[in-house]
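>
Residue numbers (our numbering), protein chains in the order written: chain L, 1 to 265; chain H, 266 to 383.
Take a look at the structure:
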């Protein structure tokens, strides 16, 4: 029995040549299986390996139709891609979860989020975050915790997120310490986070004398002569050990610290 | 704002000059002064053997580590000790990177730290 209720629209090439977006409109019931199967055949023949299904117009999903979707997902996984579901209404989402589909498919609230996830994972698209905060130690804890939470939300593990939190903390503490006391100038931070790494850039207006002290400390640090009782040396040592790359630029405008942390887990 | 940290004290049975301190929260540059004051008060009250339970210490940075090294040094100068137990793996990594594992008395379990008082 063919389903009269399901309409299928395939959009290709708008996101990337390997991605197809399928819009299902109606009921995914037992009678719709042939239509769904034919749709996956078309996509496969078209060389697609990543499918985003827009489920926002789907009113119900039967277990037989879910099985067909699982077959489609298996096909895409074998091709090195994925098949994800986006925009389900609460009723459909609940029913799919009760059938265990949430343990198999990735669910996204809407199409845009699903597209961003694809770009993040397959195109290594970075998310950029910029923030400024007053040069005062009390602002550092919320900043470091924010960055750590972002890393976690982006799929970084607990250990990586903790290390990132420590790096941000130490870099920002250094920026406050070497900044001009009582200055109204903010500390500017920019973060680029992608699937594989986090790049951190912190710029502050430096006190010239303190900048000179930092330069000397960095030189010592490079020569591995840091002492355990050197308070500032400990912070620099931590940043160096926890990150994969660190550099510091001094200019008339201020001090700029760049740190790269590669994802490990 | 200052990071949240709470120090909860407990007596150690049979030891009048020892205290157990449970660290709860984050130890960093915003609250080291507060922690320093509290622990120094214990030293001044004659508690020269201190055992720090880090089970609920989520975070420590280089400044926080500096204060721990200071406690260890101060306790030794007073003829006592500063022992640490139940360190989570993230905090332990920070201590290890700084090279302070040999400078601090670290125990896996609280009971081991208490037993080492004798």
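Built from N, CA and C at the ideal position, the CB exists for glycine as well.
For chain H, check one thing: does any of its Cβ atoms lie closer than 7 angstroms to the Cβ of residue 47/L?
Cβ-Cβ to chain H under 7 angstroms: no for residue 47/L.
> Do you know how far the Cα of residue 374/H is from the Cα of residue 226/L?
Note on residue 226/L: pLDDT 46, under 50, position unreliable in the model; the coordinate value appears next. Using only the alpha carbons, I get a separation of about 31 angstroms.
> Would you mind reading off the limits of the beta strand (DSSP E) that contains residue 280/H?
Where residue 280/H is concerned, the enclosing beta strand (DSSP E) stretches over 280 to 292.
> Name the chain L residues whose beta carbon is nearer than 8 angstroms to that of residue 309/H?
Result: empty, since nearest Cβ-Cβ is about 23 angstroms, beyond 8 angstroms.
> Is DSSP giving residue 189/L helix, strand or coil here?
Residue 189/L: strand per DSSP, three-state reduction.
> Whole angstroms is fine: what's the gap from residue 45/L's alpha carbon to residue 38/L's?
Taking the straight line from one Cα to the other gives about 11 angstroms.
> Which whole-angstrom value is the C-beta distance of residue 42/L and residue 77/L, which I expect to be below 8 angstroms?
Wrong, their Cβ atoms sit about 18 angstroms apart, outside the cutoff.
> From the beta carbon of residue 294/H, is the nearest beta carbon of chain L less than 7 angstroms away?
Yes, contact with chain L.
> Please report how far the alpha carbon of residue 29/L lies from the alpha carbon of residue 35/L, in whole angstroms.
One C-alpha to the other measures close to 11 angstroms.
> Rounding to the nearest angstrom, what Cα-Cα distance links residue 342/H and residue 288/H in this structure?
Going by the C-alpha atoms only, they are around 23 angstroms apart.
> With a threshold of 7 angstroms between beta carbons, is residue 268/H in contact with chain L?
Answer yes: the Cβ-Cβ gap between residue 268/H and chain L drops below 7 angstroms somewhere.
> So, do the region 328 to 335 of chain H and the region 295 to 313 of chain H have three or more beta carbon pairs nearer to each other than 8 angstroms?
Yes, the region 328 to 335 of chain H is in contact with the region 295 to 313 of chain H.
> With 7 angstroms set as the bound, which would you pick, yes or no: does the beta-carbon of residue 174/L sit closer than that to a beta-carbon of chain H?
No, residue 174/L lies away from the interface with chain H (no Cβ there is under 7 angstroms from its Cβ).
> What residue ranges within the region 1 to 44 of chain L form continuous alpha helix (DSSP H) runs of no fewer than 4 residues, ordered along the chain?
Within the region 1 to 44 of chain L, no complete alpha helix (DSSP H) run reaches 4 residues.
> Taking the alpha helix (DSSP H) that residue 59/L falls in, what are its first and last residues?
Element bounds for residue 59/L: not the alpha helix (DSSP H) but the beta strand (DSSP E), 50 to 61.
> If you compare alpha carbons, which of 194/L, 63/L, 53/L is closest to residue 128/L?
Of the candidates 194/L, 63/L, 53/L, the one whose C-alpha sits nearest the C-alpha of residue 128/L is 194/L.
> Give, in chain order, every residue of the region 328 to 351 of chain H whose Cβ lies closer than 8 angstroms to some Cβ of chain L.
If the cut-off is 8 angstroms between Cβ atoms, the region 328 to 351 of chain H has 328, 330, 331, 334 near chain L.
> Please state the DSSP three-state secondary structure of residue 266/H.
Residue 266/H: coil per DSSP, three-state reduction.
> Under 8 angstroms between beta-carbons, which chain L residues line up against residue 363/H? List them in chain order, please.
Residues of chain L passing the Cβ test: 228, 234, 237, 238.
> Assign residue 311/H to one of two classes, buried (16 or more other C-beta atoms within 10 Å of its C-beta) or exposed (fewer than that).
It is exposed - the Cβ of residue 311/H has fewer than 16 other Cβ atoms within 10 Å.
> Leaving aside the five residues before and after residue 102/L along the sequence, list all residues of the same chain whose C-beta is less than 7 angstroms from its C-beta, in chain order.
Only 96 meet the Cβ criterion.
> Give the straight-line distance between the Cα atoms of residue 254/L and residue 263/L, rounded to the nearest whole angstrom.
Roughly 29 angstroms between the two C-alpha positions.
> Three or more C-beta pairs under 8 angstroms: does that hold for the region 241 to 253 of chain L against the region 132 to 145 of chain L?
The answer is no - the region 132 to 145 of chain L does not touch the region 241 to 253 of chain L, with fewer than three Cβ pairs under 8 angstroms.
> State the DSSP-derived secondary structure class of residue 173/L, mapped to helix, strand or coil.
If DSSP states are grouped into helix, strand and coil, residue 173/L belongs with the helices.
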